[in-house]
Amino acid sequence: MRRGISPSPGRRLLTARGEGLASHRDGRGAPMARRDDREPGPPPRVVCAVGWQYREYLREEQRSRMQPDFHHGLLSVVLAMAFLTACGADQRRTGSAQTAGSTPMNGNPVDWFIDRAQETGLRFTYFNGMSGEFYFPEMLPAGVALLDYDNDGDLDVYVVQGQMLGEGKTLSQATIQPASLPLKGRLYRNDLRVLPDGTRALHFTDVTEPSGIDAHAYGMGVATGDFNNDGCVDLYLTNVGQNQLFRNNCDGTFTDVSVQSGANFSGWSVSAAFVDYDRDGWLDLYVGNYVQWDVNADQKCTGLTGRRDYCTPAVYRPRGDRLYRNNRNGTFTDVTATALKGGPFGPALGVVTADFNNDGWMDIYVANDGRENVLWINQRDGTFKNMGLLSGAAVGADGKPKGSMGVDAGDLDNDGDEDLFTTQLPAEGNNLYVNLGSGLFEDLSAASGLGPMSRGYTGFGTAWFDFDNDGWLDLLAVNGAIEAIRERGDELFPYGERKLLFRNLGNGRFENVTRDAGAVFQLLDVSRGAAFGDIDNDGDIDVVVGNINGPVRLLMNTIGSRNHWLGMKLVGARTRRDMLGARVEIIRNHGPTLWRRARSDGSYASANDPRVLAGLGKSSETPTVRVHWPGGGVEEWRAVAIDRWMVFKEGEGKAP
755 MRRGISPSPG
765 RRLLTARGEG
775 LASHRDGRGA
785 PMARRDDREP
795 GPPPRVVCAV
805 GWQYREYLRE
815 EQRSRMQPDF
825 HHGLLSVVLA
835 MAFLTACGAD
845 QRRTGSAQTA
855 GSTPMNGNPV
865 DWFIDRAQET
875 GLRFTYFNGM
885 SGEFYFPEML
895 PAGVALLDYD
905 NDGDLDVYVV
915 QGQMLGEGKT
925 LSQATIQPAS
935 LPLKGRLYRN
945 DLRVLPDGTR
955 ALHFTDVTEP
965 SGIDAHAYGM
975 GVATGDFNND
985 GCVDLYLTNV
995 GQNQLFRNNC
1005 DGTFTDVSVQ
1015 SGANFSGWSV
1025 SAAFVDYDRD
1035 GWLDLYVGNY
1045 VQWDVNADQK
1055 CTGLTGRRDY
1065 CTPAVYRPRG
1075 DRLYRNNRNG
1085 TFTDVTATAL
1095 KGGPFGPALG
1105 VVTADFNNDG
1115 WMDIYVANDG
1125 RENVLWINQR
1135 DGTFKNMGLL
1145 SGAAVGADGK
1155 PKGSMGVDAG
1165 DLDNDGDEDL
1175 FTTQLPAEGN
1185 NLYVNLGSGL
1195 FEDLSAASGL
1205 GPMSRGYTGF
1215 GTAWFDFDND
1225 GWLDLLAVNG
1235 AIEAIRERGD
1245 ELFPYGERKL
1255 LFRNLGNGRF
1265 ENVTRDAGAV
1275 FQLLDVSRGA
1285 AFGDIDNDGD
1295 IDVVVGNING
1305 PVRLLMNTIG
1315 SRNHWLGMKL
1325 VGARTRRDML
1335 GARVEIIRNH
1345 GPTLWRRARS
1355 DGSYASANDP
1365 RVLAGLGKSS
1375 ETPTVRVHWP
1385 GGGVEEWRAV
1395 AIDRWMVFKE
1405 GEGKAP
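In this text, residue positions in the sequence shown follow my numbering: the first is 755, and each later residue adds one.
Have a look at this one:
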């Protein structure tokens, strides 16, 4: 048996019965203070968040818990407008990096996230092949993935790679030369070691060649899931050209089964998602396709300055998404025509799956670039119905479609349903759709502050994640322009922007804490993909960011493990497959019930940690964990130990 199939000593996950070895907390600093009793830190600054306009749909107990401290509605609106004006005055895409970092209670400055890509061996730069022709695909890579391909208990990394575009084009014609050759997607094995003192020694090894992964097309994105139920995660690559499916052989190698699987769509795909939409226990596949483009039909477009620049999707026709049903024998059948009834389709960039109406069946949300977003509600008979417009999640508050790129779903207000967040263009700001229950949404982008705080940025990869483990889902958005930034016109690739970190205040509002996030958040990258997961298994969520013509970033979280947490790996009864789509209910006596979902999709062209990590705040209470399995069964485990990773296997819990 090759390396990695058996968990290494010190890295074995706990089972829900308490078997195995507990992970160590890393002991960084003193516990973080509650948000309502923080001691004085940095000089005061304007917090770009405005009042939350509550509606009748809020339950009475939530109304009392979440009511913001605004006693005069009209005055609140006036103050909010003043705040938004101030928010527009900060530096966004120009100027040099500023000093970052916060001052915690012990007085020592610390960055919340530190880029450790270079020192850990995760050295990779996406090459977009630009040669002055402004070919449209050059602006929309690059996806990244976090997956445990060797089942050793830690997350490995896959990054897609580009090529030269244009017939007869050679590397000598590239405006920016590639950082390394050959030009193909790379797989990096995580060789994490936990030392006797609990220190985590993190290192990545490039294992692309021995793995057998030969990604030969112009890479855009990646999706992960165990499509053949053998307990080993497989890899689906979206491309400009033919998509590729690599089956994991469970021995550290992969086999290209693109053609024989029937899922080898050819065109321009960006985001994809594995999802068991028919509840048969086998993962199906949704592929989001962008526009009908090829190099011979490339249009010539100009920017605001009149100079050549990249086109918008309005110049091209949408390509049309695909839904593939798993035949349970290693092949897929294209059921788009019957299951989705032929559309509507737009230029799809982001895809996320969740049970938005809480009926126990997985739905699909698609973020379209410049056209109405689509919410495919599962009809429980093998078909879907687009409820985007009727649900309130298809357009902005002004009734107009937005340039949606990244997307994620999560329970921002701990009320038990999935809310939506999409990243968009600079003039639009990002969008927050709050689930009112039963799959109906309200656009509260302005009321939450998320829309105004993101204006001036072009958002791509994003996720709901509790970066500080206080029990409330926060947001990260990685950014990069799609039109040349005039103030930096002398640069070879003047599209870089900073990242944004938004902290959930627990009352419907968000605070822009980018300044405190760390020096890496001040770098001007052309960021696209972002994958989220606990890379060093220390109980907080880290992030891998894919950049165009720039190095991949490994944002290691230094703040989350100061609070309590619970890590959960959910596996099926018949196989060890990650149970994507399972919902976890974390029931506590001294805090709100938390709802989290096992997923690998969302963000932009990327794949996330399929495990579930929930922040528990200051409470050391051992909660009850109730798992709602994708097939409809419900089980629970009581008095679950915290501050460790555990395995919950279907069939081993008790009836609630």
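Glycine included, every Cβ here is placed at the ideal spot set by N, Cα and C.
Bear in mind that the values here come from a model prediction, so they are computed numbers and not experimental data.
- Just so you know, the alpha carbons of residue 1406 and residue 1387 end up roughly 12 Å apart.
- Between residue 1314 and residue 1062, the alpha-carbon positions lie close to 45 Å from each other.
- Rounded to whole angstroms, the separation of the alpha carbons of residue 1078 and residue 1088 is 4 Å.
- Straight across, the Cα-Cα distance linking residue 1338 with residue 1285 is about 21 Å.
- By a beta-carbon distance limit of 8 Å, residue 1168 does not contact residue 1278. Their separation comes to about 35 Å.
- Taking C-beta separations shorter than 8 Å and ignoring five residues to either side along the sequence, the partners of residue 1034 in its chain run 1080 and 1082, following chain order.
- Note that the C-beta distance between residue 973 and residue 939 is below 7 Å.
- Between residue 896 and residue 1157, the gap from beta carbon to beta carbon reaches 7 Å or more.
- Looking at the backbone, the Cα of residue 1108 and that of residue 1232 are separated by about 22 Å.
- In this structure, DSSP gives residue 1287 an extended state, which the three-state scheme calls strand.
- Where residue 1144 is concerned, the enclosing alpha helix (DSSP H) starts and stops at 1142–1145.
- For the 7 Å CB-CB criterion, residue 1227 and residue 1258 form a contact.
- When C-beta atoms of the region 1299–1313 are compared with those of the region 869–887, three or more pairs fall below 8 Å, so the two segments count as touching.
- In the three-state scheme derived from DSSP, where H, G and I count as helix and E and B as strand, residue 1013 is classed as helix.
- DSSP, reduced to helix, strand and coil, places residue 1406 outside both helices and strands of the structure shown, so it counts as coil.
- When secondary structure is reduced to three states using DSSP, residue 1091 falls in the helix class.
- Close CB contacts of residue 1365 within its chain, under the 8 Å cut and outside five residues either way in sequence, are with 1287, 1288, 1321, 1322, 1323, 1324, 1332, 1352 and 1399 (chain order).
- One thing to note: residue 1027 has its Cβ no nearer than 7 Å to the Cβ of residue 990.
- DSSP places residue 1068 within a helical segment (H, G or I) once states are collapsed to three.
- Here DSSP, grouped into helix, strand and coil, assigns residue 1373 to coil.
- Within the region 1299–1325, the runs of beta strand (DSSP E) at least 3 residues long that lie entirely inside it are, in chain order, 1307–1311 and 1318–1325.
- The region 1010–1017 makes no contact with the region 945–955: fewer than 3 CB pairs, one atom from each, lie closer than 8 Å.
- In this structure, the straight-line span from the alpha carbon of residue 1019 to that of residue 1243 is close to 38 Å.
- One alpha carbon belongs to residue 1178, the other to residue 1068, and they sit about 15 Å apart.
- Burial check for residue 1054: the Cβ neighbour count within 10 Å stays below 16, so the residue is exposed.
- Shown here, residue 1270 sits in a helix according to DSSP, grouped into three states.
- Secondary structure note for residue 974: its beta strand (DSSP E) is the uninterrupted segment 972–979.
- In the DSSP assignment, residue 1295 is bridged to no other residue.
- Assignment of beta strand (DSSP E) within the region 994–1040, counting only whole runs of 3 or more residues, yields 998–1002, 1008–1010 and 1020–1029 in chain order.
- Under DSSP, residue 1216 takes part in a beta bridge, and its partners are 1231.
- The continuous alpha helix (DSSP H) containing residue 963 extends over residues 962–965.
- The Cβ atoms of residue 987 and residue 903 sit closer than 7 Å to each other.
- For residue 1191, no alpha helix (DSSP H) run applies; the uninterrupted beta strand (DSSP E) run containing it begins and ends at 1185–1191, by DSSP.
- Residue 1055 is bridged by DSSP to 1063.
- With a cutoff of 7 Å on beta-carbon distance, residue 1129 and residue 1146 are scored as not near each other.
- Boundaries of the alpha helix (DSSP H) harbouring residue 1204: 1204–1208, taken from the DSSP string.
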